[in-house]
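**Q** Each position in the sequence shown, counted from 1, maps to that position plus 217 in the numbering used here.
All residues carry an ideal CB built from backbone N, CA and C; glycine is no exception.
Being a predicted model, the structure only gives us computed values, none of them experimental.
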Amino acid sequence: MATRDQLRALGLFDARAPRYTSYPPANHFSEGIGEADTRAWLRAVPAGARVSLYLHIPYCRRLCWFCACRTQGTTTDRPLVPYQATLLTELALVGQHLPADVQISQIHLGGGTPTLLPPAMLAELGAALHAFRPWAPDCQFSVEIDPTEVDQPRIDALSAIGMTRASIGVQDFDPEVQASIGREQSFELTRDVVAMLRRAGVSSLNMDILYGLPHQTTRRMSDSVQRVLSLGPDRVALYGYAHVPWMAKRQVLIPSEALPDAEARLDLFDTARELFVWDGYSEIGIDHYARPEDSLARADAAGTMQRNFQGYTDDTSEVLIGMGASAISRYPQGFAQNQSTSSHYALAISEGRLATHRGHAMTADDLLRNAMIQDLMCRFRLDLPALSRRFDVPLAVLRDMTGGIEKRFGALVDCKDDRIFLNDGARLIARLVAQEIDGYLMPEGRHSRAV
Numbered sequence: 218m219a220t221r222d223q224l225r226a227l228g229l230f231d232a233r234a235p236r237y238t239s240y241p242p243a244n245h246f247s248e249g250i251g252e253a254d255t256r257a258w259l260r261a262v263p264a265g266a267r268v269s270l271y272l273h274i275p276y277c278r279r280l281c282w283f284c285a286c287r288t289q290g291t292t293t294d295r296p297l298v299p300y301q302a303t304l305l306t307e308l309a310l311v312g313q314h315l316p317a318d319v320q321i322s323q324i325h326l327g328g329g330t331p332t333l334l335p336p337a338m339l340a341e342l343g344a345a346l347h348a349f350r351p352w353a354p355d356c357q358f359s360v361e362i363d364p365t366e367v368d369q370p371r372i373d374a375l376s377a378i379g380m381t382r383a384s385i386g387v388q389d390f391d392p393e394v395q396a397s398i399g400r401e402q403s404f405e406l407t408r409d410v411v412a413m414l415r416r417a418g419v420s421s422l423n424m425d426i427l428y429g430l431p432h433q434t435t436r437r438m439s440d441s442v443q444r445v446l447s448l449g450p451d452r453v454a455l456y457g458y459a460h461v462p463w464m465a466k467r468q469v470l471i472p473s474e475a476l477p478d479a480e481a482r483l484d485l486f487d488t489a490r491e492l493f494v495w496d497g498y499s500e501i502g503i504d505h506y507a508r509p510e511d512s513l514a515r516a517d518a519a520g521t522m523q524r525n526f527q528g529y530t531d532d533t534s535e536v537l538i539g540m541g542a543s544a545i546s547r548y549p550q551g552f553a554q555n556q557s558t559s560s561h562y563a564l565a566i567s568e569g570r571l572a573t574h575r576g577h578a579m580t581a582d583d584l585l586r587n588a589m590i591q592d593l594m595c596r597f598r599l600d601l602p603a604l605s606r607r608f609d610v611p612l613a614v615l616r617d618m619t620g621g622i623e624k625r626f627g628a629l630v631d632c633k634d635d636r637i638f639l640n641d642g643a644r645l646i647a648r649l650v651a652q653e654i655d656g657y658l659m660p661e662g663r664h665s666r667a668v
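1. Run the CB neighbour count on ILE654, radius 10 Å, all protein chains shown included, and call it buried at 16 or more, exposed below.
2. Relative to the alpha-carbon of VAL319, which residue among ASP631, ASP511, ALA344, ALA266 has its alpha-carbon at the smallest distance?
3. What residue range does the beta strand (DSSP E) around CYS632 cover?
4. What separation, rounded to the nearest whole angstrom, lies between the Cα atoms of HIS347 and ARG515?
5. Quick check on CYS286: does DSSP put it in helix, strand or coil?
6. Can you check whether the CB of TYR300 is closer than 8 Å to the CB of SER559?
7. For SER441, report the span of its alpha helix (DSSP H) as first-last.
8. Give me the residue from PHE349, ARG598, PRO275 with the minimum Cα distance to SER557.
9. In chain order, what are the residue ranges of uninterrupted beta strand (DSSP E) at least 3 long that sit wholly in the stretch 394-440?
10. Work out the CA separation of ASN244 and LEU229 for me, nearest whole Å.
11. Please list, in chain order, all residues of the same chain as PRO331 whose beta carbon is under 7 Å from its beta carbon, the five residues on each side excluded.
12. State the CB to CB distance for the pair ASP631 and PRO602, rounded to an integer number of angstroms; the pair is presumed to be in contact (CB under 8 Å).
13. Pick out whichever of ARG400, LEU310, SER384, GLU491 has its Cα sitting closest to the Cα of LEU470.
14. At which residues does the beta strand (DSSP E) containing ASP355 begin and terminate?
15. For TYR237, which three-state DSSP category applies?
16. Who are the Cβ neighbours of ALA578 in its own chain at under 8 Å, not counting the five residues just before and after it?
17. Put VAL453 into one of helix, strand or coil per three-state DSSP.
18. Rounding to the nearest angstrom, what Cα-Cα distance links GLN652 and MET594 in this structure?
19. Could you spell out the range, first to last residue, of the alpha helix (DSSP H) harbouring GLU491?
20. Do you know how far the Cα of GLN523 is from the Cα of THR530?
21. In terms of residues, what are the limits of the beta strand (DSSP E) holding LEU270?
22. Identify, in the order they occur along the chain, each residue of the same chain with its Cβ nearer than 7 Å to the Cβ of ARG596, setting aside the five sequence neighbours on each side.
23. With DSSP as the reference, identify every bridge partner of ASN525, one or two as the case may be.
24. Which two residues bound the contiguous alpha helix (DSSP H) that contains ARG596?
25. Cβ of ARG467 within 8 Å of Cβ of LEU297?
26. Determine the direct distance from the alpha carbon of ILE385 to that of TYR548, and round the result to whole angstroms.
27. Give the straight-line distance between the Cα atoms of VAL411 and ILE566, rounded to the nearest whole angstrom.
28. Straight-line CA distance for ASP222 to ILE426?
29. Nearest CA to the CA of MET438: which residue from HIS561, ASP484, ALA613?
30. Could you tell me which of GLY457, PHE486, SER441, ARG508 sits nearest to ASP451, measuring between CA atoms?
31. Tell me which residue opens and which closes the beta strand (DSSP E) that GLN388 is part of.
32. Helix, strand or coil for SER557 per DSSP?
33. Helix, strand or coil for PHE552, going by three-state DSSP, please let me know.
34. Do you know how far the Cα of LEU310 is from the Cα of ASP363?
35. Is it right to say GLU661 is buried, meaning 16 or more other beta carbons lie within 10 angstroms of its own, or is it exposed?
36. Assuming ALA374 and ALA345 form a contact by the criterion Cβ under 8 Å, report the distance between their Cβ atoms to the nearest whole angstrom.
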C-alpha cells in the first residue's frame, strides 16, 4: 500500500478530480445536443440489442442536506400523479424510435425517492415497463429504497413487478452524524426493511455508506460499518462525501467546520475498507465491496465490469436510456441529458418532443480516452498494444498520451512492454491517473476531493 508520504507528495490530499462515472464528465456536456440527436441514436440501436433503462423519480419527502442529486421536496403525493403520467408518455415516445425487438437487460428505478410512489402507481409503472419491450430472461430490476419511505404494500408491489435488487442508502448510523446531514434513519428501521426485502425475494441487496461526513470519527465509522455488516448486504458502495455547496445549495446547512480533513477522510476510508475485507468482501474498483458470489464480483473477476452514472455495474449493454427529469442516456454515439427542471421536462413531453436538453457527441479521441479511463477505473491497468489494435491508433501516440503517468506516479505504477499496471495503492490514485488521460480541462475546484 502506498505510504502517506507518497500520497502527500502526489498531492492526493489537496487534489480534486472527477469521479469518472462518464467520460467526458457531465460538466462538459453542452446544449449542442438535442432531440434530433437522441432520435437518431435511438433509431441506430441494432435490432435485437440489449438495452438498459434508468427512470428518475426526483421527489423526496425530505431533502437530505448531503445530497447533490437532482431532487425536489414534496409534502404530498399530488405532484407524483402528473409526473408519472409524463414519464409514461416519454416511455411511449422513446418506443416510437427504438427497434421493436430489443431486449431490456437492466432497469434501475432511482431518484429522489422512488418508494414515494403508492402501490397502485408502482403497479401502473410496472405494467408499462413490461409492455414497453421484452425483458431478457436474466433482466435485473433494481430500486433505490429509502427505509423511512417504504412499507410492506410498496415492497409487495415492487416484487410483483419483478424487483431483483434493492439499494438502501445508509450513509451513517450515528445519531449526531445523521442530525448534521439531515438524514435521520435508525438502525432498527433499516433492519426491518432489509428483512421485508429479503422475504420479498430480493436476491441482491446493496447499501451505500459515506465517509467524510461531519463529526465522523474512526470509532463511529467502525460502529456504522459493523452494523451494516450485520445486515448482510451483497454489495456495499463506500463513497466519499462530496462537499460541493456551489452545486448543491442545501449543503450550506452542513457544518463545514465539523468536516474531517483529507487525511482524516483517508483514516475513515481505511477503517471501513479493513472491516469489509476482514468480513470476506471482495474489493471492487475504487470504492465498492461485494460478496464473492455476487454478480458484480464475478464481473470484476471476468474483466467485464463497467462504470456508469450508478457507479460500478455488471451490465454490459452499450445503451442506457435515461427517462425522467435530468436523466442521462448513454449511446455509443454520445450522451443525452433531459431537461433538469420538472416543468421544462413536462412541457417538452407534452408537446410530443423528447426532452433532451444537452449532451455530448463522442469523437474518435473521446472513445479512445473513455476506454482507457474505463480500464484504469475498473481494471487498474492499460494494455497499449491491445488499445492500438482496437482503435487503430499507433503505439507511439498511446505512449505519448501515457508518458506522464510513470513520471508522476513512479513506484506506484509498473510499466513494462507497453503495459501499465497500478500497484497496491490503485484505489487511492486511480482518479488522479485517469486525469492524466483526460483530454478536457477541469474547471478549478469544481470537482470533489480525490480521497
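**A** According to the structure data:
1. Mapped onto the sequence shown, residue 654 falls at position 437. Classification for ILE654: buried.
2. To locate residue 319, count along the sequence shown from 1; it is residue 102. The residue from ASP631, ASP511, ALA344, ALA266 with its alpha-carbon nearest to that of VAL319 is ALA266.
3. Taking the sequence shown and counting its residues from 1, one reaches residue 632 at position 415. If you look at CYS632, you'll find it in the beta strand (DSSP E) that goes 630-633.
4. Working through the sequence shown from its first residue, we reach residue 347 at position 130. Working through the sequence shown from its first residue, we reach residue 515 at position 298. Each residue's alpha carbon lies about 28 Å from the other.
5. In the sequence shown, counting from the first residue as 1, residue 286 sits at position 69. Three-state DSSP puts CYS286 in coil, outside helix and strand.
6. For the purposes of this step, residue 559 is identified with residue 342 of the sequence shown, where counting begins at 1. For the purposes of this step, residue 300 is identified with residue 83 of the sequence shown, where counting begins at 1. Yes, the Cβ-Cβ distance between SER559 and TYR300 is below 8 Å.
7. To locate residue 441, count along the sequence shown from 1; it is residue 224. Segment 435-447, the alpha helix (DSSP H) holding SER441.
8. Against the sequence shown, residue 557 aligns to sequence position 340. Scanning PHE349, ARG598, PRO275 for the CA closest to the CA of SER557 turns up PRO275.
9. Whole beta strand (DSSP E) segments, 3+ residues: 421-428.
10. Reading the sequence shown from its first residue, position 12 is the one you call residue 229. Reading the sequence shown from its first residue, position 27 is the one you call residue 244. Here the alpha carbons of ASN244 and LEU229 stand approximately 22 Å from one another.
11. As a first step, residue 331 must be located in the sequence shown, where it is residue number 114. Excluding positions up to five away in sequence, the list reads ILE274, VAL360, GLU361.
12. On the sequence shown, position 414 is the one that residue 631 refers to. On the sequence shown, position 385 is the one that residue 602 refers to. Actually they are not in contact, since the Cβ atoms of ASP631 and PRO602 sit about 16 Å apart, beyond 8 Å.
13. For this step, residue 470 is matched to residue 253 along the sequence shown. For LEU470, the nearest C-alpha among the options comes from ARG400.
14. Taking the first residue of the sequence shown as 1, we reach residue 355 at position 138. Run containing ASP355: 352-362, per the beta strand (DSSP E) assignment.
15. Against the sequence shown, residue 237 aligns to sequence position 20. Reduced to three states, the DSSP call for TYR237 is coil.
16. If you number the sequence shown from 1, residue 578 lands on position 361. Taken in chain order, the residues that qualify are GLY249, ILE250, ASP254, GLN550, GLY551.
17. The residue given as residue 453 occupies position 236 in the sequence shown. Reduced to three states, the DSSP call for VAL453 is strand.
18. Numbered from 1 along the sequence shown, position 435 holds the residue referred to as residue 652. Numbered from 1 along the sequence shown, position 377 holds the residue referred to as residue 594. Roughly 11 Å between the two C-alpha positions.
19. Residue mapping note: residue 491 aligns to position 274 of the sequence shown, counting from 1. Element bounds for GLU491: 479-495.
20. One-based indexing of the sequence shown puts residue 530 at position 313. One-based indexing of the sequence shown puts residue 523 at position 306. Distance between the alpha carbons of THR530 and GLN523: 5 Å.
21. In the sequence shown, residue 270 corresponds to position 53, counting from 1. Note, LEU270: beta strand (DSSP E), 267-274.
22. As a working mapping, residue 596 is identified with position 379 in the sequence shown. Within the same chain, ARG596 has close Cβ partners GLY520.
23. Position 308 of the sequence shown, counted from the first residue, corresponds to residue 525. DSSP lists GLY528 as partners of ASN525.
24. By 1-based counting over the sequence shown, the position of residue 596 is 379. 581-596 is the extent of the alpha helix (DSSP H) around ARG596.
25. Residue numbering aside, residue 467 sits at position 250 when the sequence shown is read from its first letter. Residue numbering aside, residue 297 sits at position 80 when the sequence shown is read from its first letter. No, these two residues do not count as a Cβ contact at 8 Å.
26. What you label residue 548 is simply residue 331 of the sequence shown in a count that begins at 1. What you label residue 385 is simply residue 168 of the sequence shown in a count that begins at 1. Taking the straight line joining both Cα atoms gives about 28 Å.
27. Taking the sequence shown and counting its residues from 1, the one referred to as residue 411 is at position 194. Taking the sequence shown and counting its residues from 1, the one referred to as residue 566 is at position 349. Each residue's CA atom was taken as its position, placing VAL411 and ILE566 some 36 Å apart.
28. Looking up residue 222 in the sequence shown gives position 5. Looking up residue 426 in the sequence shown gives position 209. CA-CA distance, ASP222 to ILE426, rounds to 27 Å.
29. The residue you call residue 438 lines up with position 221 of the sequence shown. For MET438, the nearest C-alpha among the options comes from ASP484.
30. Taking the first residue of the sequence shown as 1, we reach residue 451 at position 234. Measuring from the Cα of ASP451, the nearest candidate turns out to be ARG508.
31. As a position in the sequence shown, residue 388 is number 171, starting the count at 1. Following the DSSP letters along the chain, one finds GLN388 inside the beta strand (DSSP E) bounded by residues 382-388.
32. On the sequence shown, position 340 is the one that residue 557 refers to. SER557 sits in coil when the DSSP states are folded into three classes, being neither helix nor strand.
33. Position 335 of the sequence shown holds residue 552. DSSP places PHE552 in strand when its eight states are reduced to three.
34. Working through the sequence shown from its first residue, we reach residue 363 at position 146. Working through the sequence shown from its first residue, we reach residue 310 at position 93. Straight-line Cα distance between these residues: approximately 30 Å.
35. Here the question's residue 661 lines up with position 444 in the sequence shown. Below a pLDDT of 50, predicted positions are generally treated as unreliable, and GLU661, at 47, falls in that range; the measurement from the model is reported next regardless. Answer is exposed; the Cβ neighbour count stays below 16.
36. Taking the first residue of the sequence shown as 1, we reach residue 374 at position 157. Taking the first residue of the sequence shown as 1, we reach residue 345 at position 128. Incorrect: roughly 14 Å between the Cβ atoms, too far for contact.
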